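Below you'll find the structure, written out as structure tokens, and then a few comments.
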């Protein structure tokens, strides 16, 4: 490839008009080279692109662009349009390749046929472009005119050769499948293929986990648990579905903006590099012609040293640095007439402006200096590494100044950046806990779960080794000019790509070439600073989940590059037979120490000791001129979607006077369902409604859609096929990220006034997923209309059932029957509750509940379904979903309050993993066993209730506060237990004494009632806040205390009656458990006594309702008599007939 690049550069100098396609080719090729992993299919595609560009070498026979060919045209006129189209083709192709490479392994397997088709299109395109270049160039030459007829004769043969070539490439693509893809493909087929996977979230997650394990990428998670995972948001079902089942065209379109920014940034860098090459070309040629290694060294001082030491192409790194030290010391001594001694004061008497820097070229700082030269950590320094190091120094810095920076200035900079980054986290937590809107808090929690563990693994490594040490420099200001310039350079490059890092191949565009550790900390700081500004906006606006998700993913890509670096370093150190632990302790001042071994940091003791700083938010201290930094817009608030109830009537047709048939025939309201291949209603999909209106083009149309999946949009086209059948194609795009787009391909049936066809995840629909049918039947009738399969099996019976059901529903609705409204109420409560559990959090649905939600959603009309969906989204937005925490009893994702146990300990101390429970009574009282626990979790264990996410960085603070709270409340629990016992034993004359003792005990902070087990105690309120179980079940009480306001961020501990120590010693384990159960029964009895009064009140209310029900029964009786007359008695006219 370098030979072709050089040839094209030389050709471009003669024929400048080809520069646009040569630059495009060099840009995409450079981007592709920066990938760590290259797919063989992509490589074969680039081979075809290379062959196409090779055809331009025929221009070497054309000496001048202005030479007129025998047909009267110049070569530039003939090729310019083709050249520009080819440059665009190259960019489009590279974008598709970029989108393909970003896809996870499972996506490449499931949609392999579609992606292969897309890539093969470019193979064919480049082969066609090559023939076009050859034809035009041949026609331009004088010989070409004479042989034009011959050339035209062979076009047919060329087409045949192209077809044969495409057959070969198709066969090659089938062979270019990695072993991991083959194994995963077999597993997909074994599970039932695409159709089954599309309807099974669990199978998709299982397959994705299998694919992730087989991936060759280095892990950024290590052997840790839920508490310290980076929280990869891509494992969520919604994002997983969107990525895996996304159509290649849609993926390429979505990737275009990000890729274009990368393309332009890379193109500009190539242009800048070409400018530098031109400036240094003469010097380079002279050096290259001399041939000796030392004569290729650009820096004069190092050139002198290299000659003096007699080194050849490389030298041992340590020897080089020590020789460099001696070289500068001797030079300094000669300038001071030999006065220079060994003391530090000797440097101060020198008049040399670099004397302050030369003192740092010492044995103490040999390691960081040699690392600065030795990029690959091989232990040897080459001429190219020397030139790369010296050419990268600031223009106004001397070489000793540059060496001093890497000796001590770099260490000072990473310590400074590590502290700034930790301060940013403290500020972020301050914004999160104080001012972020509730719907935005989950976005911030996910960001912390994804990012903090990884970043802290770096900052902890730096600060743990250097917190009590000086960086070695007494004047850091000497290095600030370079650090500020470097930060500005990184900031400009980040703005060029709009702060989007979509893969590790983007990093060289931002950071430049060289070691990742050189720019790791400033790059993280700049990204996080941007993310903090986004969080500030969350105080007043509701943002998209992806606004910070993309930022977090970018940071994880940086860590992927860092882990690749660690992997390479580990390999180099092992080859040199060095102690890995010691090397990572010292290499780059130890910043990769914990990346090499994450478990060394994330131990149980370390997590429990974490008490990270939180900086309260003060907007006056912040930058007030941030500008518009949002990419995805915002919402002013969350509102329930009532708009479906204001929809158009069934016979509504948009007022489009200038629209003619057949478009006019399909405009207006449509209602319909999606079905599986057999025509059975699809899972929990409800009926959907849309209103078709004309689109931008003559044959285009569009629509707004609403259903149980919320709001959607339709964009499509119509055409006329054979027999004048109107063909309809459209794409349904969902506003929610939970679902990926679907495509419809069908026709308009004027006889039945219906749109019928098939649907699937791709526009090609080669393997469609099922059928779709839309009619103009009103929604309340279509809700009971038979499915496609029911009509096919027995049309008469199905239509008869439909008629009966439709009439019954009309009667119930028109007469406002209690059963009609009660069913609507029950359906709403059931579907909202089950949708929350199936989509977001709560115990997993049972088979019976799954069937229930399917049945209910099928009979919902779209306006109801859309409204209920908005309620589900509203609940989700205001609920706290605990990241990476599942209930260890029921296995569901925990939303709302979360309980974690203080008494359960895991068998190993190398990682931390709490036992978590949701707050359903069954789970709270459950005995739980887990393989990693030393013993089973018992219902009597100490539990902490958290209504907000407990961030890993704050876990130590919460853990310590909870333990202290249990110590404080112990005496109170003992007194309440004694009082409960005395209350049962004492009667008569002792009642007065008991009352006095009751008043001396604490009461519930909300209802002021007597406390009984279990009750709750706040671990943060300093004035001892107790809350009874009944008040706590109603939610967070809004209480102002003497120590401040009690909020949802205040966690609670569950207080139970303690078992007596002597009973534990005397009794057997069975007796101990019986005693525990007896204590729990006593607590339940107390709660039942409290409930007795409430039941009495309810009894009175029920008595009042009895009269109302009597009246209602009478009315229902009248309605039944009316129905009997309508159904069974035809009336006098009917009888006479």
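Numbering (the UniProt record's numbering), first residue to last: 1 to 1137. Glycine included, each C-beta is placed from N, C-alpha and C at the ideal position. Computed from a prediction, not measured in an experiment: that's the story for all the values here.
Comparing alpha-carbon positions, which option in the options lies nearest residue i?
{"i": "residue 273", "options": "818, 23, 78", "result": "23"}
{"i": "residue 830", "options": "849, 464, 135", "result": "849"}
{"i": "residue 55", "options": "79, 35, 43, 40", "result": "79"}
{"i": "residue 779", "options": "188, 979, 810", "result": "810"}
{"i": "residue 1046", "options": "1029, 136, 1019, 668", "result": "1019"}
{"i": "residue 358", "options": "318, 405, 567", "result": "405"}
{"i": "residue 1139", "options": "122, 1004, 12, 378", "result": "The structure shown does not extend to residue 1139, since the chain spans only 1 to 1137, so no value can be given for it."}
{"i": "residue 1042", "options": "1005, 807, 30", "result": "1005"}
{"i": "residue 1147", "options": "210, 554, 1058", "result": "Residue 1147 lies beyond the range of the chain shown here (1 to 1137); nothing can be said about it."}
{"i": "residue 732", "options": "752, 720, 761", "result": "761"}
{"i": "residue 252", "options": "739, 99, 843", "result": "99"}
{"i": "residue 662", "options": "83, 728, 832", "result": "728"}
{"i": "residue 1014", "options": "86, 395, 1052, 81", "result": "1052"}
{"i": "residue 386", "options": "465, 484, 297", "result": "297"}
{"i": "residue 921", "options": "889, 912, 13", "result": "889"}
{"i": "residue 495", "options": "660, 514, 452, 523", "result": "523"}
{"i": "residue 870", "options": "706, 956, 746, 721", "result": "706"}
{"i": "residue 31", "options": "255, 970, 267", "result": "267"}
{"i": "residue 950", "options": "88, 856, 610", "result": "610"}
{"i": "residue 906", "options": "449, 498, 680, 936", "result": "936"}
{"i": "residue 911", "options": "599, 509, 689", "result": "599"}
Output the distance between the C-alpha atoms of residue i and residue j, rounded to the nearest integer angstrom.
{"i": "residue 531", "j": "residue 429", "result": "12 Å"}
{"i": "residue 248", "j": "residue 899", "result": "43 Å"}
{"i": "residue 182", "j": "residue 708", "result": "37 Å"}
{"i": "residue 671", "j": "residue 646", "result": "15 Å"}
{"i": "residue 219", "j": "residue 980", "result": "For residue 219, the predicted model reports a pLDDT of 46, less than 50, meaning its position is unreliable; a value from the coordinates is still stated below. So the two alpha carbons sit approximately 55 Å from each other."}
{"i": "residue 233", "j": "residue 877", "result": "Any reading at residue 233 must be qualified, since the residue scores a pLDDT of 39, below 50, and its modelled position is unreliable; no value is offered."}
{"i": "residue 644", "j": "residue 863", "result": "4 Å"}
{"i": "residue 872", "j": "residue 835", "result": "7 Å"}
{"i": "residue 342", "j": "residue 588", "result": "For residue 342, the predicted model reports a pLDDT of 47, less than 50, meaning its position is unreliable; a value from the coordinates is still stated below. So the two alpha carbons sit approximately 28 Å from each other."}
{"i": "residue 1048", "j": "residue 246", "result": "39 Å"}
{"i": "residue 546", "j": "residue 442", "result": "12 Å"}
{"i": "residue 420", "j": "residue 451", "result": "16 Å"}
{"i": "residue 414", "j": "residue 461", "result": "11 Å"}
{"i": "residue 1029", "j": "residue 1007", "result": "11 Å"}
{"i": "residue 134", "j": "residue 751", "result": "55 Å"}
{"i": "residue 1150", "j": "residue 687", "result": "Here the chain covers residues 1 to 1137 and nothing more, so residue 1150 does not appear."}
{"i": "residue 995", "j": "residue 903", "result": "Its pLDDT being 44, under 50, residue 995 is placed unreliably by the model, and nothing is read from it."}
{"i": "residue 642", "j": "residue 185", "result": "45 Å"}
{"i": "residue 16", "j": "residue 506", "result": "29 Å"}
{"i": "residue 1011", "j": "residue 1027", "result": "8 Å"}
{"i": "residue 975", "j": "residue 520", "result": "58 Å"}
{"i": "residue 326", "j": "residue 591", "result": "29 Å"}
Under the DSSP definition of a beta bridge, which residues are partnered with residue i?
{"i": "residue 713", "result": "704, 733"}
{"i": "residue 694", "result": "701"}
{"i": "residue 946", "result": "898"}
{"i": "residue 774", "result": "672, 755"}
{"i": "residue 382", "result": "314"}
{"i": "residue 747", "result": "727, 756"}
{"i": "residue 1039", "result": "1046"}
Determine whether the Cβ of residue i lies closer than 7 Å to any Cβ atom of chain C.
{"i": "residue 754", "result": "In summary, chain C is missing from the structure at hand, where a single protein chain is found."}
Exercise. Three or more C-beta pairs closer than 8 Å, one from the segment 559-573 and one from the segment 526-538: is that the case here?
Worked result: With the cut-off at 8 Å, the segment 559-573 and the segment 526-538 do not touch.
For this session: Evaluate the contact criterion for the segment 779-798 versus the segment 693-707: three or more CB pairs, one atom per stretch, below 8 Å.
Result: Taking one beta carbon from each stretch, the segment 779-798 and the segment 693-707 have fewer than 3 pairs nearer than 8 Å; the two do not touch.
For this session: Decide yes or no for the touch test of the segment 951-968 against the segment 1006-1026: beta carbon pairs closer than 8 Å, at least 3 of them.
Result: Under the 8 Å Cβ criterion, the segment 951-968 counts as touching the segment 1006-1026, having at least three qualifying pairs.
Exercise. Between the segment 838-848 and the segment 873-892, are three or more C-beta pairs nearer than 8 Å?
Worked result: Touching, yes.
Problem set entry | Touch test, the segment 925-944 against the segment 574-585, Cβ-Cβ under 8 Å, three pairs minimum | No: fewer than three Cβ pairs fall under 8 Å.
For this session: Any chance you could list the alpha helix (DSSP H) runs of at least 4 consecutive residues sitting entirely within the segment 874-933, in chain order?
Result: Scanning the segment 874-933 for uninterrupted alpha helix (DSSP H) segments of 4 residues or longer gives 921-924, listed from N- to C-terminal end.
Exercise. Which runs of the beta strand (DSSP E) spanning at least 3 residues fall entirely within the segment 770-832, listed in chain order?
Worked result: Counting only runs of 3 or more, we get 770-775.
Exercise. For the segment 307-323 against the segment 368-383, are there 3 or more C-beta pairs whose distance is under 8 Å?
Worked result: Contact between the segment 307-323 and the segment 368-383 is present: three or more C-beta pairs spanning the two stretches fall below 8 Å.
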